[in-house]
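In our numbering, the protein residues as written are 189 to 376. Just so you know, even glycine gets a beta-carbon here, dropped at the ideal spot from N, CA and C. Given the structure is predicted, the values throughout are model-derived calculations rather than measurements.
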Amino acid sequence: PYFHTHSFYELIYVVKGKCVQFVYPCGKKTVLKEKGVCLLSPGAAHAIAKCGEKDIILKLVIPCELFPKTLKIADVEILTFKDDSEKAGFYLRNLIQETTLKRDYDNLAVENWLCLLLIELLRESKRENTVSEKLFNYVADNNQISLKGFASFVGYSQGYAARLLKRETGKNFTENVISLRLKKAEKL
Numbered sequence: 189p190y191f192h193t194h195s196f197y198e199l200i201y202v203v204k205g206k207c208v209q210f211v212y213p214c215g216k217k218t219v220l221k222e223k224g225v226c227l228l229s230p231g232a233a234h235a236i237a238k239c240g241e242k243d244i245i246l247k248l249v250i251p252c253e254l255f256p257k258t259l260k261i262a263d264v265e266i267l268t269f270k271d272d273s274e275k276a277g278f279y280l281r282n283l284i285q286e287t288t289l290k291r292d293y294d295n296l297a298v299e300n301w302l303c304l305l306l307i308e309l310l311r312e313s314k315r316e317n318t319v320s321e322k323l324f325n326y327v328a329d330n331n332q333i334s335l336k337g338f339a340s341f342v343g344y345s346q347g348y349a350a351r352l353l354k355r356e357t358g359k360n361f362t363e364n365v366i367s368l369r370l371k372k373a374e375k376l
C-alpha cells in the first residue's frame, strides 16, 4: 500500500470480503467488512492494502461539483459506516442503479440518492464516534483484549480511555468487555 490523495470524493463499498486501509498521518488501520462503506474527502491521504482473491470492493468517484452543497463535512477527512447499515446499502444500490440506467431525471435522482446516502453516513459516523462503539469494534477485531491495547487502538492514554469509557457507560473497562462478550454469546 502507498499513501495517496485525490482531488475528488472517493466512496469505497465492500461488496464481499474486506478492505484494509491506512489513514495518514497516524497510519491508523481501518478495516471495512462486507457491506462497509467509507467516504474520503478530497486531500485525505490514505493507503489501501492489497485485496484478497475473494474481496470485491467498489470505488466510486464523486466529483466535488456533484457533492451536495448543503452537507458540511469539509472538516472531516474520512467517514465510515458500520457494516450492518441497511439504509446505507439501500441508498448505495439505488445510487449505482441510477448511474447505470439512462432514464428521465437520472441526474436529479443521482444527486438525491447521494444526498440521502451522505446524510445516513453522517448520522452513522456520529453514533460510531462514541468510546463504547470504539470498544465494540476493538473487541470484535482482536483476540487478546487489554486496556493498553484498547487505548492504543483509539489513540488515547490508558487513563484517559478508561475515564471516557466510565463517563459514557458507567462501567469500567473490564465490565464493558464482559458485557460485550455476554451479548455476543447471547447472539450465538
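Mind reading off the beta-carbon distance from residue i to residue j? Whole number of angstroms is fine, and I expect it under 8 Å.
{"i": "E308", "j": "K247", "result": "Between K247 and E308 the Cβ distance is about 19 Å, and since that is not below 8 Å, they are no contact."}
{"i": "G205", "j": "G240", "result": "6 Å"}
{"i": "L289", "j": "V319", "result": "With 8 Å as the limit, L289 and V319 do not qualify as a contact, their Cβ atoms being about 43 Å apart."}
{"i": "L335", "j": "A350", "result": "6 Å"}
Count the other CB atoms within 10 Å of the CB of residue i; is the residue buried (16 or more) or exposed (fewer)?
{"i": "N364", "result": "buried"}
{"i": "S229", "result": "buried"}
{"i": "H192", "result": "exposed"}
{"i": "E286", "result": "buried"}
{"i": "I366", "result": "exposed"}
{"i": "Y190", "result": "exposed"}
{"i": "Y201", "result": "buried"}
{"i": "I179", "result": "Lying outside 189 to 376, the shown extent of the chain, residue 179 is not represented and no answer is given."}
{"i": "L376", "result": "exposed"}
{"i": "L296", "result": "exposed"}
Got a sec? Which residues, its chain only, sit under 7 Å from residue i by beta carbon, not counting five neighbours each side?
{"i": "F255", "result": "Y197"}
{"i": "V327", "result": "I333, V365, L368"}
{"i": "G277", "result": "K223"}
{"i": "P251", "result": "F196"}
{"i": "N282", "result": "W301"}
{"i": "D294", "result": "E286"}
{"i": "S345", "result": "A339"}
{"i": "E356", "result": "T318, V319, S320"}
For residue i, which residues of its own chain have a beta-carbon under 6 Å away from its beta-carbon, when the five flanking residues on both sides are left out?
{"i": "K322", "result": "V342"}
{"i": "L304", "result": "Y279"}
{"i": "D263", "result": "In this prediction, D263 scores a pLDDT of 48, lower than 50, which makes its location untrustworthy; no coordinate-derived value is stated."}
Note down, in chain order, each residue of its chain lying with its Cβ closer than 8 Å to the Cβ of residue i, except the 5 sequence neighbours on either side.
{"i": "Y348", "result": "A339"}
Sorry if obvious, but does the Cβ on residue i come closer than 7 Å to a heavy atom of the ligand ADP?
{"i": "L376", "result": "This structure lacks the ligand ADP; in fact it carries no ligand of any kind."}
With 8 Å as the threshold, decide whether the Cβ of residue i is near any Cβ in chain D.
{"i": "T362", "result": "Included in the structure is just one protein chain, with no chain D present."}
- Query: Going along the chain, which unbroken runs of the alpha helix (DSSP H) with 4 or more residues stay wholly within the stretch 302-369?
  - Reply: Secondary structure in the stretch 302-369: the alpha helix (DSSP H) runs of 4 residues or longer, each lying completely within the stretch, are 319-329, 335-342, 346-357 in chain order.
- Message: Threshold first: 3 residues or longer. Then list the beta strand (DSSP E) segments lying entirely within the stretch 202-259, N to C.
- Response: Residue ranges of uninterrupted beta strand (DSSP E) with 3 or more members, entirely inside the stretch 202-259 and ordered along the chain, are 206-211, 216-221, 225-228, 234-236, 244-250.
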